[in-house]
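Q:
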Amino acid sequence: MQTEPLKAKYEQLLRDLNAQLRDFYAQLRAIHIDQLERKWITISMIVIGLFVGIIVIDAFFHGVNPPSKVETVDSASLHLNKEFAEDNLGVHVDEKGAIIVRMVAGRYAFFPKHISVPAETAITLRWVSMDVLHGVHIPMTNMSTMIVPGYVAEITTTFPKPGEYPVLCNEYCGLGHNHMWSNISVIAKEDWTAPVKSAAKGGSNNE
Ligand code: CUA
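Throughout the sequence shown, residue numbering follows the working numbering, covering 5 to 211 in sequence.
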């Protein structure tokens with residue numbers, strides 16, 4: 005029968021593993037660690053634990069995700085896609101009054117070419133690429149993300165004060181990469197009015 009030698013092999017393997025673990029532990033104990041060093045190791049472990057804990061709590065309880073969380077889109081047919089069809093791009097105000105901006109990145113521009121948004125207001129920007137990998141960076145805000153074809157990148161940001169904010173592509177996307185930029189006009193909160201189109205539609209953007 006084959007089972008006996010197989011069983012013996014398995015037991016031998018377990019014994020070896022056990023011996024190796026003991027050996028490792030013994031070596032670990034034999035290392036002299038200075039009192040001060042031990043303290044710093046402990047502090048580092050606590051700090052790492054704290055950071056990992058914050059990330060886990062944010063992810064699970066506050067719903068904070070990386071911008072390219074797994075939300076897929078067919079980059080080859082954005083014009084047929086309900087959400088990112090041409091008429092739906094730009095600034096929209098939804099039923100709850102939240103401002104959502106949909107933008108398409110393509111070689112070598114961001115579409116729509118120009119938008120206006122209010123200052124000191126939370127604005128959720130949803131980015132998709134129509135061709136290759138792009139990036140977007142808006143100085144003075146937390147807006148900096150890759151726009152990966154096939155995925156929706158979403159970031160909520162607030163523009164601190166009125167003015168013209170540059171929108172820059174920060175991932176090399178081809179020969180025209182350094183010309184790929186545009187502007188967002190940020191208007192004082194009290195002077196900004198929602199675009200008429202979305203108001204007429206009652207904020208529904210999937211028609
Ligand atoms: Cu788009 Cu670089």
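Yeah, the Cβ is synthetic: ideal placement off N, Cα and C, and Gly gets one too.
1) Between SER186 and chain B, is the shortest Cβ-Cβ distance under 7 Å, so that the two count as touching?
2) Going along the chain, which unbroken runs of the beta strand (DSSP E) with 3 or more residues stay wholly within the segment 168-202?
3) Give the straight-line distance between the Cα atoms of VAL132 and ALA126, rounded to the nearest whole angstrom.
4) LEU137 lies in the alpha helix (DSSP H); which residues open and close that run?
5) Closest to HIS96 by CA distance: which of ILE119, SER148, ALA80 is it?
6) Taking the straight line between their C-alpha atoms, what separation do you get for GLU90 and VAL51?
7) Is TYR169 closer than 7 Å to ILE191 when the C-beta atoms are compared?
8) Quick one: what's got a C-beta closer than 8 Å to GLY207's C-beta in the same chain, skipping five residues either side?
9) Relative to the C-alpha of HIS181, which residue among LEU32, HIS138, PHE115 is closest?
10) Which same chain residues end up closer than 7 Å to THR161 when comparing Cβ atoms and leaving out the 5 residues on each side of it in sequence?
11) Tell me where the beta strand (DSSP E) around GLY154 begins and ends.
12) Rounded to the nearest angstrom, what separates GLY154 and LEU25 at their Cα positions?
13) Closest by CA to MET134, which one among PRO122, ALA123, ARG106?
14) Please look up how many angstroms separate the CB atoms of PHE114 and SER186, rounded, as I've assumed it's under 8 Å.
15) So, is ALA204 buried or exposed, given that buried needs 16 or more other C-beta atoms within 10 angstroms?
16) Thinking C-beta only, is PRO71 closer than 7 Å to THR149?
A: On the basis of the coordinates in this document:
1) The chain labelled as chain B is not found in the depicted structure, where only one protein chain is given.
2) 185-191
3) Within the sequence shown, the letter at position 128 stands for residue 132. Within the sequence shown, the letter at position 122 stands for residue 126. Cα to Cα, VAL132 sits roughly 20 Å from ALA126.
4) Within the sequence shown, the letter at position 133 stands for residue 137. In the DSSP annotation of this structure, LEU137 is not part of any alpha helix (DSSP H), being labelled neither H nor E.
5) Reading the sequence shown from its first residue, position 92 is the one you call residue 96. Nearest option by C-alpha distance: ILE119.
6) Here residue 90 refers to the residue found at position 86 when the sequence shown is read from its first residue. Here residue 51 refers to the residue found at position 47 when the sequence shown is read from its first residue. For GLU90 and VAL51, the distance between alpha carbons rounds to 47 Å.
7) Within the sequence shown, residue 191 is the residue found at index 187, counting from 1. Within the sequence shown, residue 169 is the residue found at index 165, counting from 1. For ILE191 and TYR169, no; Cβs fall outside 7 Å.
8) Position 203 of the sequence shown, counted from the start, is the residue given in the question as residue 207. Model confidence at GLY207 stands at a pLDDT of 44, short of 50, so the residue's coordinates are unreliable; what they give is reported in the following sentence. HIS96, VAL97, ASP98, GLU99.
9) Here residue 181 refers to the residue found at position 177 of the sequence shown. Taking only the C-alpha atoms, the option nearest HIS181 is HIS138.
10) Counting from one through the sequence shown, the residue named residue 161 turns up at place 157. Around THR161: ILE127, LEU129, THR145, ASN146, MET147.
11) The residue you call residue 154 lines up with position 150 of the sequence shown. No beta strand (DSSP E) holds GLY154; DSSP gives it neither H nor E.
12) Here the question's residue 154 lines up with position 150 in the sequence shown. Here the question's residue 25 lines up with position 21 in the sequence shown. Cα to Cα, the separation comes out at about 46 Å.
13) Position 130 of the sequence shown holds residue 134. Cα-wise, what sits closest to MET134 is ARG106.
14) For the purposes of this step, residue 114 is taken as residue 110 along the sequence shown, with counting starting at 1. For the purposes of this step, residue 186 is taken as residue 182 along the sequence shown, with counting starting at 1. With 8 Å as the limit, PHE114 and SER186 qualify as a contact, their Cβ atoms being about 5 Å apart.
15) Numbered from its first residue, the sequence shown carries residue 204 at position 200. The predicted position of ALA204 is uncertain, since its pLDDT is 44 and thus under 50; no value can be drawn from it.
16) Along the sequence shown, one-based indexing puts residue 149 at 145. Along the sequence shown, one-based indexing puts residue 71 at 67. Yes. Within cutoff.
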